[in-house]
């Protein structure tokens with residue numbers, strides 16, 4: 001590592017500000033993934049029998065710092081490392097940039113939030129994990145390389161570079177989706193499931209094959225989390241703790257579940273489209289707020305009484321979106337002959353989505369649904385530490401800062417998963 005530059009700085013904050021001003025404009029090469037070698041190629045520091053990784057996540061409005069510990073060897077030397085590593089979560093700290101109701105979050109404002117909070121969260125995570133000397137105790141610093149919003153990603157990368165220089169610790173760039181998958185597999189111990197990745201910026205159906213996570217289907221336009229968030233803006237409901245969560249709570253209160261509002265249902269093979277659903281339900285919501293009694297979907301054509309509520313709209317939106325996800329997930333399960341589904345990403349916390357997926361799996365010869373709670377479903381630093389440490393143990397480290405430039409459109413199937421069997 002470029003440790004000779006460490007003497008320039010007197011504190012982590014000084015180094016962070018310096019690198020933030022200097023930046024790094026070198027283009028990231030198209031090829032991704034490092035040359036991987038045998039298991040545990042890089043031994044733990046100081047002859048220890050375990051590894052420790054610091055993970056930094058900041059691809060959207062969640063800023064996460066996590067610390068993970070791995071034993072030197074898995075239980076079975078020839079096993080799948082990512083399934084058998086028995087990771088221990090030492091710290092999982094997160095802070096969310098929240099905007100007023102009816103507003104989204106802009107990249108520049110989100111990046112400012114990450115810059116203001118990153119150092120504080122790192123210090124808090126180190127204290128929680130009882131790490132007093134990062135130079136001696138931390139084996140690798142892992143950061144989200146993409147996909148995500150450029151400015152927030154860049155803010156976190158600068159923090160990762162800074163810590164790398166100050167502590168003389170190597171870096172590993174992590175694909176955000178791979179982080180979700182490996183965290184989900186570690187928590188649930190799902191061995192080889194079909195993965196449904198649903199978040200604010202991504203919607204993909206994935207299955208593992210030959211060292212890569214292959215994308216079987218995905219959104220053709222907006223992600224499901226984006227669809228829910230934008231409808232929440234139309235309704236002007238709070239963004240805290242998250243817009244999607246608040247829509248879920250409204251949907252649970254729907255008084256007329258038999259009045260399922262008909263919305264566009266767009267599945268094209270293994271792919272789906274959600275922009276039409278959003279446009280349609282936005283118009284309905286606006287007519288509802290205006291009291292437009294000419295809209296016969298919302299108001300009784302004889303009496304003019306309102307027959308559909310905001311809660312009904314939220315319920316109908318969820319049911320339509322989730323039915324589409326269940327359909328393409330089941331199709332992928334049939335193709336790869338799997339009876340397991342792992343739901344990852346922020347929308348994966350939705351209980352109704354889990355229920356619908358569980359019903360589908362039950363109908364398919366007692367299949368299983370695996371999901372995690374909001375500590376691990378929602379973006380966090382632990383998942384980045386987990387995936388990054390798996391890659392680090394296979395020899396995949398950043399050789400130069402030019403390799404740390406963020407990639408906003410970092411495809412899941414671009415990553416060579418050398419740690420998988």
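Numbering (full-length UniProt numbering), first residue to last: 1 to 421. Cβ atoms here follow ideal geometry from the backbone N, Cα and C, with glycine treated the same way.
With a Cβ-Cβ cutoff of 8 Å, do residue i and residue j count as a contact?
i	j	result
residue 200	residue 223	yes
residue 171	residue 343	no
residue 169	residue 332	no
residue 225	residue 198	yes
residue 64	residue 42	no
residue 271	residue 235	no
residue 248	residue 161	no
residue 314	residue 346	no
residue 217	residue 155	no
residue 111	residue 151	yes
residue 330	residue 356	no
residue 211	residue 418	yes
residue 131	residue 163	no
Just reading off the alpha helix (DSSP H) that residue i is part of, what are its end residues?
i	result
residue 244	243-252
residue 70	Where residue 70 is concerned, there is no enclosing alpha helix (DSSP H), although the beta strand (DSSP E) it sits in stretches over 62-71.
residue 137	134-137
residue 50	No alpha helix (DSSP H) contains residue 50, which is instead part of the beta strand (DSSP E) from 50-57.
residue 122	107-128
residue 157	150-167
residue 410	Careful: residue 410 lies outside any alpha helix (DSSP H) and carries neither H nor E.
residue 381	381-393
residue 178	176-188
residue 275	275-290
Can you find the residues in the same chain that come closer than 7 Å, C-beta to C-beta, to residue i, ignoring five residues on each side of it along the sequence?
i	result
residue 31	Confidence at residue 31 is low in this model, with a pLDDT of 30, below 50, so the placement of that residue should be treated as unreliable; the coordinate-derived value is given next. Taken in chain order, the list of residues that qualify is empty.
residue 300	307
residue 96	61 and 62
residue 187	372 and 376
residue 129	67, 90 and 91
Between residue i and residue j, what straight-line distance do the alpha-carbon atoms span, to the nearest angstrom?
i	j	result
residue 281	residue 263	7 Å
residue 340	residue 374	20 Å
residue 328	residue 133	48 Å
residue 208	residue 338	11 Å
residue 157	residue 399	15 Å
residue 256	residue 203	29 Å
residue 407	residue 189	29 Å
residue 261	residue 242	24 Å
residue 135	residue 167	5 Å
residue 420	residue 253	43 Å
residue 35	residue 181	Only weak support is given to the placement of residue 35: the predicted model assigns it a pLDDT of 38, under 50, and the value that follows is read from those uncertain coordinates. Each residue's alpha carbon lies about 21 Å from the other.
residue 320	residue 250	15 Å
residue 325	residue 365	19 Å
residue 464	residue 405	In the structure as shown, the chain starts at 1 and stops at 421, and residue 464 therefore has no counterpart that could be examined.
residue 227	residue 104	12 Å
residue 368	residue 336	15 Å
residue 277	residue 213	29 Å
residue 147	residue 294	44 Å
residue 258	residue 114	44 Å
residue 101	residue 395	45 Å
residue 178	residue 205	13 Å
Around the Cβ of residue i, are there at least 16 other Cβ atoms within 10 angstroms (buried) or fewer (exposed)?
i	result
residue 245	buried
residue 50	exposed
residue 72	exposed
residue 296	exposed
residue 412	buried
residue 108	exposed
residue 61	buried
residue 312	buried
residue 290	exposed
residue 144	buried
residue 279	exposed
residue 363	exposed
residue 159	buried
Return the chain-ordered list of same chain residues with a C-beta closer than 8 Å to the C-beta of residue i, the five sequence neighbours on each side being excluded.
i	result
residue 68	52, 53, 55, 87, 88, 89, 90, 382, 385, 386 and 389
residue 323	265 and 356
For the beta strand (DSSP E) containing residue i, list its first residue and its last residue.
i	result
residue 368	368-371
residue 94	88-96
residue 266	266-268
residue 202	First-last for residue 202: undefined, no H or E at that position.
residue 220	From DSSP, residue 220 is part of no beta strand (DSSP E); its letter is neither H nor E.
Given 7 Å as the limit, tell me if residue i has its C-beta closer than that to any heavy atom belonging to the ligand ADP.
i	result
residue 163	You won't find the ligand ADP in this model; it holds no ligand whatsoever.
Could you pull out every residue in the same chain whose Cβ sits closer than 6 Å to the Cβ of residue i, ignoring the five residues on either side in sequence?
i	result
residue 138	52, 54 and 169
residue 142	53, 55, 172, 174, 384, 385 and 388
residue 350	248
residue 118	159
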